[in-house]
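Okay, structure first, notes after.
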Amino acid sequence: MKPIVVLTIFIAMAIRPALATDQALEVLHWWTSDGEQAAADVLKASLAEQGVAWTDYPVRGGGGDSAMAVLKARVIAGTPPGAAQIIGPNIEHWANLGFLQPLSDPVLNRTELFHPVVNELIRVDGARVAIPLSIHRINWLWLNPRVFQQLDLPLPTTWSQLIDLAPALREAGIVPLAHGNQPWQNATLFETLLLSVAGPTFYRRYFVEHDDAILNDPRVVETFRLLRELKSLMDPGIGNREWQEASRMVAEGEAAVQIMGDWVKGEFRAWGLKPGEDYLCLPVPGTTEQHLYSIDTFVVFRDHPNPEAVPAFIDTLLSPSVQRAFSEAKGTLPVRRDVSVADFDDCARAAHHVFVQAGDEGRLAPSMAHSMATSPESEDAVFEIVHRFFIDARVTPETATAQLAQTLRALK
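Here my numbering is used: the first residue of the sequence shown is 4, the next is one more, and so on.
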């Protein structure tokens with residue numbers, strides 16, 4: 004290369020203004036499974052195209068409880084990450100403490116782009132303080148179709164059908180219901196059953212409003228009874244099993260069914276499984292027209308080292324192409340209403356239809372187990388009581404109902 008050319012390049016580089024290419028943004032989240040990591044990689048690669056490095060800070064633990072504990076410790080120590088995955092009422096809690104940076108991105112200000120429940124979630128006192136990313140549907144049955152085909156069994160669409168199929172499945176050496184005995188998984192199953200037994204209006208009165216008139220309702224007792232009956236469909240190895248391990252059991256034909264949110268689909272996708280062939284999705288019995296939801300959101304902290312990286316971070320998460328690619332990898336729905344799901348799989352299209360319809364009719368159910376419905380204190384109390392009931396056969400459904408009623412009443 005000629006000296007004059009080298010000199011020209013050197014001068015151009017020297018006078019180049021500081022760009023986001025020199026920036027990094029530390030992001031705290033709880034996406035650690037195969038499917039979750041694949042979805043996070045979509046965000047990392049897209050952010051890198053804008054010249055910003057996503058510095059990963061993953062905290063293992065389903066539901067994000069461990070991540071929130073780590074985040075609190077870091078904030079107390081004065082070393083918050085640049086951005087963090089915070090969802091549900093926790094957003095308002097952190098905003099009211101003054102830790103979150105208000106966001107003035109023009110796309111965020113376009114309320115018509117987002118569903119009403121999303122707009123409500125990301126605003127505190129009129130200010131936008133969170134970046135929405137995707138929408139989960141939690142009330143899903145995930146099934147291995149080959150198990151049912153080989154045994155010539157019908158797909159279960161009611162609880163009684165699933166329970167009645169158990170002997171034939173066990174005789175063939177197949178676990179009827181894959182599950183992991185962790186508090187958040189047990190709480191996820193409990194809230195799904197309550198929605199099935201009592202419907203979305205009752206669900207909201209119970210978990211969101213803590214309505215004293217229904218806290219001791221017989222439908223809660225019935226939900227605990229159904230939870231115990233479903234436990235009888237599980238195998239002895241459920242102790243502390245991770246949710247993705249239960250998904251693997253379904254994928255490999257060791258188990259017939261798993262009840263879990265649509266992040267299972269992201270896991271199946273990461274493993275190379277094909278919808279309709281290797282796995283099926285059915286709404287949890289009694290919830291065909293219901294959507295038990297959680298919404299992925301991120302917040303940005305004040306006074307972090309690289310504020311210049313924030314606009315690119317917001318643009319990346321809200322980009323239509325990223326919304327599409329992330330949702331396909333994660334198993335979710337885009338939060339942007341202008342991103343079509345017409346070419347998504349059957350599970351996603353069904354979830355989208357139900358979400359929109361339930362939203363229009365006021366029937367959406369925010370997930371308690373995934374921090375969308377109530378305070379962290381109430382959530383922790385539900386986890387403890389439901390988990391104790393699940394592991395201790397001496398606790399009756401009536402006792403668990405009374406304990407939960409007393410606790411929620413006190414925390415109202």
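Every residue, glycine too, gets a C-beta built ideally from N, C-alpha and C.
As the structure is a computational prediction, the values presented were derived from the model and not from experiment.
In the DSSP assignment, find the unbroken alpha helix (DSSP H) run with residue i in it and report its ends.
i, result
"S199", "186 to 210"
"E29", "Run containing E29: none in the alpha helix (DSSP H); it sits in the beta strand (DSSP E), 26 to 32."
"A353", "349 to 363"
"E382", "379 to 394"
"T402", "400 to 413"
"F329", "323 to 333"
"G38", "37 to 52"
"G269", "266 to 273"
"A312", "Per DSSP, A312 belongs to no alpha helix (DSSP H) and is neither H nor E."
"A169", "162 to 174"
"S250", "246 to 254"
Taking the C-alpha atoms as reference points, what is the distance between residue i and residue j?
i, j, result
"H118", "D363", "10 angstroms"
"S250", "Q53", "35 angstroms"
"V120", "K234", "33 angstroms"
"T24", "Q185", "Its pLDDT being 45, under 50, T24 is placed unreliably by the model, and the measurement read from it follows with that caveat. Roughly 42 angstroms separates the two Cα atoms."
"E174", "K415", "47 angstroms"
"A384", "T410", "7 angstroms"
"A361", "L28", "37 angstroms"
"P92", "M375", "6 angstroms"
"Q130", "Y209", "Checking the displayed sequence, the identity of residue 130 turns out to be Ala instead of Gln. Going from the Cα of A130 to the Cα of Y209 covers about 29 angstroms."
"L172", "Q152", "12 angstroms"
"V313", "W143", "35 angstroms"
"Y206", "A403", "17 angstroms"
"I125", "I134", "7 angstroms"
"V110", "D318", "8 angstroms"
"Q406", "T399", "11 angstroms"
"A396", "G269", "34 angstroms"
"D128", "L336", "27 angstroms"
"L285", "P170", "21 angstroms"
"L154", "G176", "11 angstroms"
"I90", "I394", "28 angstroms"
"V303", "L230", "39 angstroms"
"G85", "A98", "15 angstroms"
Let me check understanding here. Comparing Cα to Cα, which of the options lies closest to residue i?
i, options, result
"S3", "T82, N99, S137, L229", "This structure gives no information on residue 3, because the portion of the chain shown stretches from 4 to 415."
"H373", "G202, W187, V267", "W187"
"T35", "H139, E29, D44, N309", "D44"
"Q326", "L124, T58, L46", "L46"
"W246", "Q26, T58, V55, G64", "G64"
"W33", "R231, L192, A87", "A87"
"V150", "V389, E232, E257", "E257"
"L367", "F316, H139, A80", "H139"
"L416", "R339, L407, R305", "Given a span of 4 to 415 for the chain in the structure shown, any question on residue 416 remains unanswerable."
"R244", "T204, G183, S49", "G183"
"L443", "A315, R228, P61, D281", "Because the chain in this structure spans residues 4 to 415, residue 443 falls outside the shown range and cannot be described."
"S378", "V359, A413, D348", "A413"
"P221", "P239, E212, T204, V200", "V200"
"P148", "Q261, P337, I394, V30", "Q261"
"E292", "P84, V30, L198", "L198"
"S330", "F316, H355, I317", "H355"
"T114", "D128, R339, S370, G365", "R339"
"V287", "G67, I141, H96", "I141"
"R391", "F227, I90, I89", "F227"
"P239", "F301, A181, V224", "A181"
"V211", "D299, N189, E380, K268", "E380"
"I79", "V389, G101, P369", "G101"
"V30", "G38, S49, T58", "T58"
"T195", "V342, Q40, I241, H294", "H294"
"E95", "S107, H213, E123, V73", "E123"
"G264", "E232, C350, E255, L321", "C350"
Which residues share a DSSP beta bridge with residue i?
i, result
"F227", "Bridge partners of F227: none, in fact."
"A368", "L295"
"T300", "P135"
"P278", "Y282"
"V127", "A130"
"L103", "F304"
"R140", "Y296"
"F117", "R339"
"G242", "N184"
Taking residue i as part of the beta strand (DSSP E), name the residues at either end of that continuous run.
i, result
"T58", "55 to 61"
"A86", "86 to 88"
"L180", "178 to 181"
"I446", "The question about residue 446 has no answer, for the chain in this structure spans 4 to 415."
"A144", "Reading the sequence as shown, one finds Leu at residue 144 and not Ala. Unbroken beta strand (DSSP E) run through L144: 143 to 146."
Of all the CB atoms in chain E, is at least one closer than 9 angstroms to the CB of residue i?
i, result
"S378", "Going by chain labels, chain E is absent from the structure shown, which holds only one protein chain."
Less than 8 angstroms separating the Cβ of residue i from some heavy atom of the ligand COA?
i, result
"R222", "By its list of ligands, the structure shown contains no ligand whatsoever, and the ligand COA lies outside what it can speak to."
Q: Mind the definition here: the stretch 213 to 228 touches the stretch 292 to 312 only if three or more C-beta pairs lie below 8 angstroms; say whether that holds.
A: Under the three-pair Cβ rule at 8 angstroms, the stretch 213 to 228 does not count as touching the stretch 292 to 312.
Q) Are three or more beta carbon pairs between the stretch 153 to 169 and the stretch 268 to 280 nearer than 8 angstroms? A) Put simply, the stretch 153 to 169 does not touch the stretch 268 to 280. Fewer than three CB pairs are less than 8 angstroms apart.
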